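Residue numbers for the sequence shown follow numbering that gives the first Met the number 0, so the first one is 0 and each next one is one higher.
Just so you know, even glycine gets a beta-carbon here, dropped at the ideal spot from N, CA and C.
This one's a predicted model, so the numbers in the text were calculated from it and none came from an experiment.
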Amino acid sequence: MNTSNNYWTIDYALDLVRKAANPSYGIEDHEAIKHLVAQKNTGDPNALYAYAYLLRGYNGANEEFNLSLEQTESTFFNIFWELSEQDHPQACDEMVKCDNSYIFAHKYITKEDLFAKKQQCAKVALEHNLSNYMYYADTFLFGLNDEYASDLMLKDSPYLDDNHKELVAQAIPLYEKQAQKMGLEYCFGRMVEAYHQGIGVEQNTITAAAWAKLIKERVTYQSVYKNVNWVKAIYPVFEYPSIQESEEFKTLYAQLQKLPQW
0 MNTSNNYWTI DYALDLVRKA ANPSYGIEDH EAIKHLVAQK NTGDPNALYA
50 YAYLLRGYNG ANEEFNLSLE QTESTFFNIF WELSEQDHPQ ACDEMVKCDN
100 SYIFAHKYIT KEDLFAKKQQ CAKVALEHNL SNYMYYADTF LFGLNDEYAS
150 DLMLKDSPYL DDNHKELVAQ AIPLYEKQAQ KMGLEYCFGR MVEAYHQGIG
200 VEQNTITAAA WAKLIKERVT YQSVYKNVNW VKAIYPVFEY PSIQESEEFK
250 TLYAQLQKLP QW
C-alpha cells in the first residue's frame with residue numbers, strides 16, 4: 000500500500016476512489032473518502048492526485064466538500080497543474096491530454112511556455128510508462144496547433160519545419176505504439192503518411208503499403224479521420240505487384256494483421 004516515505008502508491012490511491020465512488024452515482028463509502036482526504040493532507044502527492052481525480056470524474060463529489068461546480072473545476076485543475084510542475088507522472092499525463100484553450104482559460108501562460116510544458120509532461124509520462132501515446136505524439140508533432148491534429152501530414156506544413164525535426168521523429172514511433180496497443184485507424188493513417196512521404200522516418204513504400212492495406216481491409220466506411228480517407232483515396236499507388244507480391248510486404252502485412260481491432 001505504502002511507498003518508502005509512507006505515501007500511497009498511485010494504484011492504491013486510485014483503487015480506493017474507484018471502490019468508494021461510482022462515476023454516475025457519486026460517493027458511496029464516505030469513510031474511505033475521509034481517509035483519502037486525511038492522507039492527501041499529509042502532503043501525499045498520489046492521494047492528492049486521486050482527490051482531484053475524484054472531483055473531476057465523479058458525479059456529485061463536489062457536494063461532499065461543499066464546493067460549487069466552478070470551485071470544483073478550479074480545484075482539480077490547479078491540483079493537476081501543480082503536481083505536473085513537480086513531474087508527477089499521472090498529472091503530467093492529464094496536462095498533455097488537457098485542451099489548450101481550457102488551460103489558457105485557467106492559467107496565464109504564453110504559448111511558447113505551454114508548448115515547452117506539454118513537451119516536458121509528455122516526456123515524463125513516457126519515462127514512467129504511461130501509454131496515451133497518441134496524445135504524446137500529437138503534442139510532439141503539432142505543438143499547440145490543435146486545429147492541425149485532424150489534418151494530413153504534409154512536408155510543407157508549418158509544424159514540420161526544420162526546428163521540429165527531432166520532435167517529429169519522436170512522434171511517429173508513438174503512433175505505431177498506439178496502433179499496436181489499440182488498433183486505432185487514425186494511427187494507421189499516420190504510419191502511412193510518415194512512410195509514404197518520409198516524414199520523421201526514412202521513406203519506405205513497402206511499409207507504407209502494408210499499413211495502407213490494413214486500412215483498406217478494416218475501414219470499409221467513410222472515416223471521420225482525414226488521413227484515413229486520404230489513404231483509401233491514394234491506395235492504387237500501393238497496388239503494384241512489385242509491392243504486393245514482395246516477401247517484405249507479405250511478412251510485414253502478416254504481422255500488422257495481428258494488431259487489435261478497434
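- Note on geometry: alpha-carbon atoms of Pro88 and Ile214 lie some 33 angstroms from one another.
- The beta carbon of Val227 is closer than 8 angstroms to those of Glu184, Tyr185, Phe187, Gly188, Ile214, Val218 in its chain, skipping five residues each way along the sequence.
- Under DSSP, the beta-bridge partners assigned to Gly25 are Asn21.
- A distance below 8 angstroms separates the beta carbons of Gly199 and Ile171.
- Annotation: the continuous alpha helix (DSSP H) that includes Asn99 extends over 99 to 105.
- Under the 10 Å beta carbon count, Ser100 is surrounded by fewer than 16 other beta carbons and is classified as exposed.
- Burial is judged here by how many other beta carbons sit within 10 angstroms of a residue's own beta carbon; Leu54 has at least 16 and is buried.
- Pairing Thr71 with Asn58 gives a Cβ-Cβ distance that is not under 8 angstroms.
- In this structure the stretch 116 to 130 does not touch the stretch 196 to 212; the number of beta carbon pairs closer than 8 angstroms is below three.
- The stretch 119 to 156 is shown to contain whole alpha helix (DSSP H) runs of 4 or more residues at 132 to 141, in chain order.
- The C-beta distance from Trp261 to Met181 rounds to 6 angstroms, short enough to fall under 8 angstroms.
- Burial of Gln169 is indicated by the presence of at least 16 other C-beta atoms within 10 angstroms of its C-beta.
- In this structure, Tyr134 sits away from Val167, with a CB-CB distance that is not shorter than 8 angstroms.
- Along the stretch 155 to 218, the alpha helix (DSSP H) occurs as fully enclosed runs of 4 or more residues at 164 to 181, 184 to 196, 204 to 217, listed in sequence order.
- Put simply, the backbone Cα of Asn45 is about 21 angstroms away from that of Gly25.
- Distance between Ala121 and Ala90, taken at the CA atoms: about 10 angstroms.
- In this structure, Ala211 lies near Val230, with their beta-carbon atoms less than 8 angstroms apart.
- Taking 8 angstroms as the cut-off, the beta carbon of Ala193 is found no closer than this to the beta carbon of Phe248.
- Taking 8 angstroms as the upper bound for CB-CB distance, Asp28 and Ala19 are in contact here, some 4 angstroms apart.
- Tyr234 carries a helical assignment under DSSP once its states are collapsed to helix, strand and coil.
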